[in-house]
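According to the numbering used here, the sequence shown is numbered sequentially starting from 257. For every residue, glycine included, the Cβ atom is placed at its ideal position computed from N, Cα and C.
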Amino acid sequence: MGILDITVALAFMIAVIGVGMIKSKPATNGANSDNGAADYFLAGRGLSWWLIGFSLIAANISAEQFVGMSGQGAGLEGLSVASWEWIAAITLVVVAFVLLPYFLKTGITTIPEFLEVRYNHWARLAMTLSMILILVGVSLVGVIYAGAITMTKLFAEFGYFVSLPFACWILGGMAALYVAFGGLKACAWADLLQGTALIVGGAIITYFAFDALGAVDVSQLVSSTGNAAHINSDAGVLTKFNALNSESMHMDTPAMPWPVLLLGIWIPNFYYWGLNQYITQRILGSASLGDGQKGLVLAAGLKLIIPFIIVIPGIIAFNLFSSDMEASANLDAGGSVFSSYEQAVSDIDTNKVFILDSKYANSHPNKAEEILEHNQQVVARLGEGNVVKEAINPYKYDSAMGLLITKLIPKNTGVLGFVIAALMGAIISSLAAVLNAASTLLTMDVYQRYIRPTAAQGEYVKFGRICIGVFVVIGCVVAPMLAEFKSIFGFIQSFQGYVSTGILAVFIYGLVNRTSGKWAGVIGIVSNAIIYAFMQANYPHIHFLYNMSYCLIAVLAILTVYGMIFKEERVEFKSNTTLDMTPSQAALKWGGLVCALTVILYIVFW
């Protein structure tokens with residue numbers, strides 16, 4: 257990476273932080289005014305639709321997408337991982353016209369506050385504490401780690417050593433700097449630049465990935481089935497891509513089976529886009545209902561593009577760099593990913609059987625046959641129920657995006673610097689969003705609600721800034737401990753089940769049944785955590801999205817029985833806002849188009 261690249265990267269990061277601070281200065285100066293907390297935590301409820309749309313995308317797309325989703329695209333999931341993006345597009349449209357009107361009408365500052373309006377303050381507290389735990393202990397830690405590991409690998413490729421803990425502190429510190437200074441308004445304006453940059457940066461990576469695929473001799477390429485490619489040497493790049501990846505370009509795969517698309521995947525999507533403070537804080541800061549709806553629909557349209565600039569390059573990365581992924585996996589394993597297998601083979605009393613990555617098995621049939629024979633011998637000796645299964649992962653799929661950037665993007669032209677800045681900016685914007693949301697929850701739902709309800713507005717802003725500092729320290733200390741997880745994206749998504757399903761259930765039930773008892777909110781959140789923990793502990797082989805589906809059904813059943821026994825006066829959601837609550841007809845039309853395009857994409861790639 258040359259001087260020009262470094263200059264471009266630094267200039268962009270300085271510009272992002274500078275714009276965020278400058279644009280948030282009026283809100284910062286008014287911290288002690290009557291609306292100081294609202295100005296800081298909700299940008300004075302004055303965000304325009306275009307700020308909301310890009311801010312939603314920038315907050316969402318981070319290292320777990322760039323690293324995790326591109327890695328899953330390179331791996332067994334292929335294009336099916338795009339369901340997280342395309343289902344989200346429909347989800348965003350539904351949130352715009354079903355949930356957002358309720359949220360803005362009641363004038364809430366946080367999503368848990370809505371549960372107090374519908375149920376009681378204990379439901380609000382239960383949701384607040386569980387969300388803070390997930391935001392800080394899972395989302396913040398996961399994003400910091402994924403970003404830091406990407407940063408260390410990128411700099412290592414260019415001959416610079418950056419330790420993992422140091423990278424964690426750099427990323428966390430930069431995010432904390434501008435969000436603590438300017439609150440949500442700083443996030444929104446910084447996100448406008450970073451959201452645009454990440455889309456442009458992703459498009460640049462995609463271009464160079466296809467360019468490299470078209471230029472490389474077919475004998476050097478590896479297909480999605482793990483076999484060397486057999487394609488005419490004069491084939492065009494799209495012909496090459498389709499022939500190489502025929503198995504990866506489907507939405508229904510063992511890693512993302514079609515029943516999951518009917519229910520399971522919708523649960524974390526509706527929670528994330530409609531009920532997760534770290535996302536919804538942006539729409540709660542809308543200048544009007546119309547602005548919020550148009551912003552959500554803009555984000556929905558952008559979500560349709562994301563798989564083409566993140567997942568598709570990941571798929572190509574395996575075609576081009578499978579040997580590098582294999583070398584990375586062996587390096588991480590301290591020599592060989594087969595060391596545990598080799599030890600088991602030499603132990604006549606072993607109870608271990610091994611599951612080999614199917615892509616590797618197809619390209620190494622002799623090794624696959626050897627492992628299969630070992631497994632059959634162990635099962636024949638001990639029985640199916642007495643063996644311990646262990647996965648062998650010969651490829652470091654999460655290295656896909658890093659390989660694309662370091663091996664394909666031209667150096668010392670400024671392009672590499674811009675792409676790295678876009679990637680780092682995406683990471684920092686997501687960190688800032690998590691920090692802002694977690695501090696808002698602890699400040700407004702705990703400190704203001706229970707400890708200092710009549711304090712000056714400036715005190716709430718000060719407490720929020722202290723929370724940001726504490727949370728970023730926790731995240732940077734814990735993040736390096738995630739090094740053992742195979743997939744960062746999978747780690748974050750699976751842990752959401754402890755919270756997301758229960759929260760979604762109590763919101764659905766609370767909107768549909770307005771007469772059930774006040775304790776339904778607490779019962780739903782607590783019972784879901786217990787049921788999900790039981791499912792994960794006793795049925796770990798079941799896809800976590802199936803477990804979330806079962807939890808949703810079980811929790812709704814529990815709440816239904818509770819509501820039949822305990823009834824109270826019907827709850828009405830009274831207006832508590834001065835915002836313009838006129839729905840946007842333009843957003844409705846464009847939202848319908850987004851939903852139609854999503855269906856078309858599924859038909860084309862099914």
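Checking 9 angstroms against the spacing of the C-beta atoms, do residue i and residue j come in under that value?
| i | j | result |
| --- | --- | --- |
| residue 766 | residue 788 | no |
| residue 695 | residue 314 | no |
| residue 465 | residue 576 | yes |
| residue 570 | residue 329 | yes |
| residue 520 | residue 801 | yes |
| residue 379 | residue 764 | no |
| residue 819 | residue 776 | yes |
| residue 462 | residue 564 | yes |
| residue 384 | residue 702 | yes |
| residue 443 | residue 688 | yes |
| residue 840 | residue 530 | no |
| residue 308 | residue 555 | yes |
| residue 516 | residue 318 | no |
| residue 197 | residue 312 | For residue 197 there is no data in the structure shown, the boundaries of the chain being 257 and 862. |
| residue 811 | residue 770 | no |
| residue 560 | residue 860 | no |
| residue 280 | residue 428 | no |
Name the one or two DSSP bridge partners that residue i has.
| i | result |
| --- | --- |
| residue 379 | Answer is none; residue 379 lacks a bridge partner. |
| residue 772 | 823 |
| residue 512 | 509 |
| residue 542 | 303 |
| residue 610 | 646 |
Any idea if residue i is buried or exposed, counting beta-carbon neighbours within 10 angstroms, 16 or more meaning buried?
| i | result |
| --- | --- |
| residue 265 | buried |
| residue 341 | buried |
| residue 745 | At residue 745 the pLDDT is 48, less than 50, meaning the model places this residue with poor confidence; the figure from the coordinates comes in the next sentence. When all chains shown are included, residue 745 counts as buried. |
| residue 283 | For residue 283, the predicted model reports a pLDDT of 49, less than 50, meaning its position is unreliable; a value from the coordinates is still stated below. Flag for residue 283 reads buried. |
| residue 633 | exposed |
| residue 709 | exposed |
| residue 534 | buried |
| residue 454 | buried |
| residue 447 | buried |
| residue 263 | exposed |
| residue 404 | buried |
| residue 822 | exposed |
| residue 270 | exposed |
| residue 645 | exposed |
| residue 544 | buried |
| residue 510 | exposed |
| residue 536 | buried |
Mapping DSSP to helix, strand and coil, what is residue i?
| i | result |
| --- | --- |
| residue 798 | coil |
| residue 745 | Caution is warranted here: a pLDDT of 48 is assigned to residue 745, below 50, making its placement in the model unreliable, and no coordinate value can be reported. |
| residue 532 | coil |
| residue 384 | helix |
| residue 257 | coil |
| residue 788 | helix |
| residue 669 | coil |
| residue 495 | helix |
| residue 833 | coil |
| residue 691 | helix |
| residue 588 | helix |
| residue 674 | helix |
| residue 765 | helix |
| residue 559 | helix |
| residue 416 | coil |
| residue 805 | helix |
What residue range is occupied by the uninterrupted beta strand (DSSP E) comprising residue i?
| i | result |
| --- | --- |
| residue 942 | Examination of residue 942 is not possible in this model, given that the chain is present from 257 through 862 alone. |
| residue 646 | 644-648 |
For the alpha helix (DSSP H) containing residue i, list its first residue and its last residue.
| i | result |
| --- | --- |
| residue 358 | 356-362 |
| residue 705 | Unbroken run through residue 705: none, as it is neither H nor E. |
| residue 837 | Careful: residue 837 lies outside any alpha helix (DSSP H) and carries neither H nor E. |
| residue 847 | 841-861 |
| residue 662 | 656-664 |
| residue 368 | 367-374 |
| residue 430 | 420-471 |
| residue 341 | 339-350 |
| residue 718 | 713-734 |
| residue 294 | 292-298 |
| residue 626 | 621-638 |
| residue 488 | From DSSP, residue 488 is part of no alpha helix (DSSP H); its letter is neither H nor E. |
| residue 321 | Taken as a continuous stretch (DSSP letters only), residue 321 belongs to no alpha helix (DSSP H), as it is neither H nor E. |
| residue 597 | 595-601 |
| residue 526 | 522-526 |
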